[in-house]
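Enquirer: Here's a structure for you.
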Amino acid sequence: MQPEQLDQLILSGDCEMIYNQTSELFQNQIALSELQDVICSFSEGTQQCFLQAITPIGDSKEYTWIDDTGTKGIMALFDSENIITALQLLPLQPFPETDQQWTKNEFILPMRDEWFTFWGGNNELINYHYPYASQRYAFDFVIMEENRTYAGHPNDNEHYFAFGKEVVAPAAGTIVKIENNIIDNKPGEMNEENPSGNYIVIDHGHNEYSIIVHFKQHSLTVTEGDYVKQGEVVGLCGNSGHSSEAHIHFQVSDSPILDDGRSIRIRFKDGREPRRGDFVQQSLS
Numbered sequence: 080m081q082p083e084q085l086d087q088l089i090l091s092g093d094c095e096m097i098y099n100q101t102s103e104l105f106q107n108q109i110a111l112s113e114l115q116d117v118i119c120s121f122s123e124g125t126q127q128c129f130l131q132a133i134t135p136i137g138d139s140k141e142y143t144w145i146d147d148t149g150t151k152g153i154m155a156l157f158d159s160e161n162i163i164t165a166l167q168l169l170p171l172q173p174f175p176e177t178d179q180q181w182t183k184n185e186f187i188l189p190m191r192d193e194w195f196t197f198w199g200g201n202n203e204l205i206n207y208h209y210p211y212a213s214q215r216y217a218f219d220f221v222i223m224e225e226n227r228t229y230a231g232h233p234n235d236n237e238h239y240f241a242f243g244k245e246v247v248a249p250a251a252g253t254i255v256k257i258e259n260n261i262i263d264n265k266p267g268e269m270n271e272e273n274p275s276g277n278y279i280v281i282d283h284g285h286n287e288y289s290i291i292v293h294f295k296q297h298s299l300t301v302t303e304g305d306y307v308k309q310g311e312v313v314g315l316c317g318n319s320g321h322s323s324e325a326h327i328h329f330q331v332s333d334s335p336i337l338d339d340g341r342s343i344r345i346r347f348k349d350g351r352e353p354r355r356g357d358f359v360q361q362s363l364s
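The opening position of the sequence shown corresponds to residue 80 in our numbering, with each subsequent residue numbered one higher.
What follows is the structure in structure tokens.
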């Protein structure tokens, strides 16, 4: 079985073929009969599934699918030999009303060079923010090279490709809130007291606010009241706040306060919408 065939095998109920391609640890935890029950329940009434993303996770690859109603999902982790080491079949909650509401402003990505979309998309499997109205259409971006986000020792921020990279304004507007003094975390640890870490909020008009968080400490080049142009450097990527490694969290909300607002689906200038597993690069066209 090739990984891309898994959804069809699940829908056809070919449990033994699937089970025979799972790892020993997986089989020690789940019996064939248990897997059969789960697959039978999942496939009932399901006509078709669609591949959403293929995401490198170290030496493994994560495959995700959703069904044609958007209410069921599959996540499978395959190792380098295409052995299944993890498998989830789960219900999904779609939000079709807000999925159709886009920003009035047009945006570019808030970074230069090529980045990797770690979280992004319109279901929980490819975007863990999605169930929460305040962050539903947020993105998390890292820099990925040869399936790794760092080179060297994983406990050193400086060894992460994204750390210290320039972050730019995704659209023109006025800086209305900043934080610049939160220390960067040691990789693998998080600051639960200050989850946003260092951040900026930009007012773009139309009741739309860019919220970009996890900047490097003392790296912001703007202050409250400044007007910024689209593409202008505003700071450096860091690892502050609720962050286990250097990355950019970017969203547009209808409030300058992250937890009080509602995340809005972002209309990008180039017409693309990043999803988990996508390599993306800023476009000014």
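Each residue gets a CB set at the ideal place from its N, CA and C atoms; glycine is no exception. Being a predicted model, the structure only gives us computed values, none of them experimental.
In its own chain, which residues sit with a C-beta less than 6 Å from the C-beta of Ser289, not counting the 5 before and 5 after it?
Expert: Pro249, Ile281, Val331
Enquirer: Return helix, strand or coil for Pro373, following the three-state DSSP convention.
Expert: The chain is shown from 80 up to 364; residue 373 falls before or after that span and cannot be answered.
Enquirer: Please determine, among Lys295, Gln131, Asn236, the residue with the shortest C-alpha to C-alpha distance to Lys265.
Expert: Asn236
Enquirer: Which runs of the beta strand (DSSP E) at least 3 residues long sit entirely within the region 194-270? Give them in chain order.
Expert: 218-221, 245-247, 252-258
Enquirer: Count the C-beta pairs between the region 337-346 and the region 207-214 that are closer than 8 Å, then say yes if the count reaches three, no if not.
Expert: Here the region 337-346 makes contact with the region 207-214; the two share three or more CB pairs at distances below 8 Å.
Enquirer: Are at least three pairs of beta-carbons, each pair with one atom in the region 343-355 and one in the region 290-303, less than 8 Å apart?
Expert: no
Enquirer: Quick check: the Cα distance between Leu90 and Met223, rounded to an integer number of angstroms?
Expert: So the two alpha carbons sit approximately 33 Å from each other.
Enquirer: Is Gln108 buried or exposed, if buried means 16 or more other CB atoms sit within 10 Å of its CB?
Expert: exposed
Enquirer: Kindly give me the distance between the Cβ atoms of Asn260 and Gln309, rounded to whole angstroms, as I take these residues to be in contact under 8 Å.
Expert: With a contact defined as Cβ atoms closer than 8 Å, Asn260 and Gln309 miss out at about 27 Å.
Enquirer: Using 8 Å as the Cβ pair cut-off and three pairs as the minimum, do the region 194-209 and the region 218-232 touch?
Expert: yes
Enquirer: Can you check which of these residues, Phe294, Glu83, Ser319, is closest to Thr134 by C-alpha distance?
Expert: Glu83
Enquirer: How should Ile187 be labelled, buried or exposed, when 16 other C-beta atoms within 10 angstroms of its C-beta is the threshold for buried?
Expert: buried
Enquirer: Quick check: what's the CA-CA separation for Gln360 versus Glu113?
Expert: 43 Å
Enquirer: What are the partner residues of Ala132, as DSSP defines its beta bridges?
Expert: BP columns for Ala132 point to Thr143.
Enquirer: In or out: Ile136 buried (at least 16 other Cβ within 10 Å) or exposed?
Expert: exposed
Enquirer: Ignore the nearest five residues each way along the sequence and tell me which others in Tyr229's own chain have a CB closer than 7 Å to its CB.
Expert: Here the set comprises His238, Tyr239, Phe240.
Enquirer: Let's test the definition: count the other Cβ atoms within 10 Å of the Cβ of Leu169 and tell me whether it reaches 16, buried, or not, exposed.
Expert: exposed
Enquirer: Going by C-alpha distance, which of His326, Asn286, Leu315 is nearest Met269?
Expert: His326
Enquirer: Let me confirm a value: Glu225 is counted as buried when at least 16 other C-beta atoms fall within 10 Å, else exposed. Which label applies?
Expert: exposed
Enquirer: To the nearest angstrom, how far is the alpha carbon of Ser139 from that of His285?
Expert: 43 Å
Enquirer: What is the rounded straight-line gap between the Cα of Asn201 and the Cα of Ala251?
Expert: Those two C-alpha atoms are separated by around 26 Å.
Enquirer: Quick check on DSSP: helix, strand or coil for Asp339?
Expert: helix
Enquirer: So is Asn99 buried or exposed if we call it buried at 16+ other beta carbons inside 10 Å?
Expert: exposed
Enquirer: Which class does Asn286 belong to by DSSP, given the choice of helix, strand or coil?
Expert: coil
Enquirer: Does the Cβ of Asp263 have 16 or more other Cβ atoms within 10 Å, making it buried, or fewer, making it exposed?
Expert: buried
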